[in-house]
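Asker: Under full-length UniProt numbering, the first residue of the sequence shown carries the number 1, and numbering increases by one thereafter.
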Amino acid sequence: MINMLKRSINSVIFICAFGLLYCSGQISLADNLETVSPPSLVGKKTRSLGQRIIFTDYVKSQVDSKVVNHTLSNNSETKISIYIEDLIAQPTEIKISLKRRRLTLYRGKSRIKSYPIAVGRRGWETPIGNFQVLEMLKNPTWIHPITGKAIAGGKPQNPLGNYWIGFWTNGHNWVGFHGTPNPESVGKAVSHGCIRMYNKDIKELFHQVSPGTPVTVVR
1 MINMLKRSIN SVIFICAFGL LYCSGQISLA DNLETVSPPS LVGKKTRSLG
51 QRIIFTDYVK SQVDSKVVNH TLSNNSETKI SIYIEDLIAQ PTEIKISLKR
101 RRLTLYRGKS RIKSYPIAVG RRGWETPIGN FQVLEMLKNP TWIHPITGKA
151 IAGGKPQNPL GNYWIGFWTN GHNWVGFHGT PNPESVGKAV SHGCIRMYNK
201 DIKELFHQVS PGTPVTVVR
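(1) What does DSSP give as the partner residues of Arg196 in its beta bridges?
(2) Measure the alpha-carbon distance for Asp86 versus Arg107 and round it to whole angstroms.
(3) What residue does the beta strand (DSSP E) around residue 220 start on, and which one ends it?
(4) Is the beta carbon of Ile202 sitting closer than 8 Å to the one on Thr126?
(5) Mapping the DSSP letters down to three states, classify Ser110 as helix, strand or coil.
(6) Report yes or no: do the segment 172 to 192 and the segment 105 to 119 share at least 3 C-beta pairs separated by less than 8 Å?
(7) Using alpha carbons as the reference points, say which of Gly154, Ile165, Arg111, Ser97 lies closest to Gln90.
(8) In its own chain, which residues sit with a C-beta less than 6 Å from the C-beta of Asn199, not counting the 5 before and 5 after it?
(9) When DSSP labels each residue in this structure, what does Ser210 get in the three-state scheme?
(10) Can you look up Glu135 in the DSSP assignment and give me helix, strand or coil?
(11) What's the gap between the Cα of Trp168 and the Cα of Ala152?
(12) Looking only at its chain, what residues have a beta carbon closer than 6 Å to the beta carbon of Lys155, apart from the 5 residues adjacent to it on each side?
(13) Looking only at its chain, what residues have a beta carbon closer than 8 Å to the beta carbon of Ala150, apart from the 5 residues adjacent to it on each side?
Rendered as structure tokens:
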């Protein structure tokens with residue numbers, strides 16, 4: 001706990017995708033919840049490809065696949081791969097199992113990735129329940145929960161590492177995800193309630209979530 005701060009008739013293409021969005025001056029990238037209107041895309045793609053684009057519920061339901069393959073018929077048949085990156089975003093959610101000591105990132109109903117974590121030790125248990133990302137910081141300052149000693153962000157000895165994602169607070173103390181200068185602690189119950197992650201993992205997570213992302217913690 002921290003006191004701190006397509007079918008082959010007339011060549012129809014189906015496209016759908018994820019989006020990323022810079023959040024209000026923060027360093028983080030997040031899900032772009034805005035969808036691009038099909039009419040404007042139809043016009044653009046018709047001119048560039050000579051093809052017609054149709055959005056269907058089925059295509060939207062496949063948004064969690066990394067690549068969608070389609071067949072184009074125009075004198076010859078060509079198979080193309082369309083990466084799902086830009087057009088349709090699905091909500092991101094974080095689920096944490098304290099028993100398994102794993103953090104799992106979901107986009108829609110699909111599991112994106114699972115990470116090992118360290119959790120709160122006895123007497124400093126990580127809170128259980130439904131929360132949401134409240135704040136995100138890069139190079140956060142750490143303040144010792146007992147002594148009040150502060151260690152500036154960016155310093156090697158700072159126990160938070162370079163990224164902080166806060167999801168619980170009582171108005172004075174905070175619990176969140178952060179990195180660690182002690183990677184051997186990941187997978188154990190050793191923290192003051194926070195979720196410790198490998199530095200490369202918290203950096204990756206930081207660029208996948210945004211304030212408001214749901215966080216569920218279970219035993």
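Heads up, the beta-carbon is just placed ideally off N, CA and C, and yes, glycines get one too.
Answerer: From the atom records:
(1) Paired residues: Ala118, His178.
(2) Residue confidence is low: Asp86 scores 43 on pLDDT, short of 50, so the model does not pin down where it sits. Its coordinate-derived value is still stated next. CA-to-CA, the gap between Asp86 and Arg107 works out to about 14 Å.
(3) Outside the modelled stretch of the chain, which goes from 1 to 219, sits residue 220, for which no answer is possible.
(4) no
(5) strand
(6) yes
(7) Arg111
(8) Gly161, Gly179
(9) In the structure shown, Ser210 adopts coil according to DSSP, grouped into three states.
(10) Three-state DSSP puts Glu135 in a strand.
(11) Each residue's alpha carbon lies about 22 Å from the other.
(12) Excluding residues within five positions, none has a Cβ falling inside 6 Å.
(13) Thr141, Trp142, Ile143, His144
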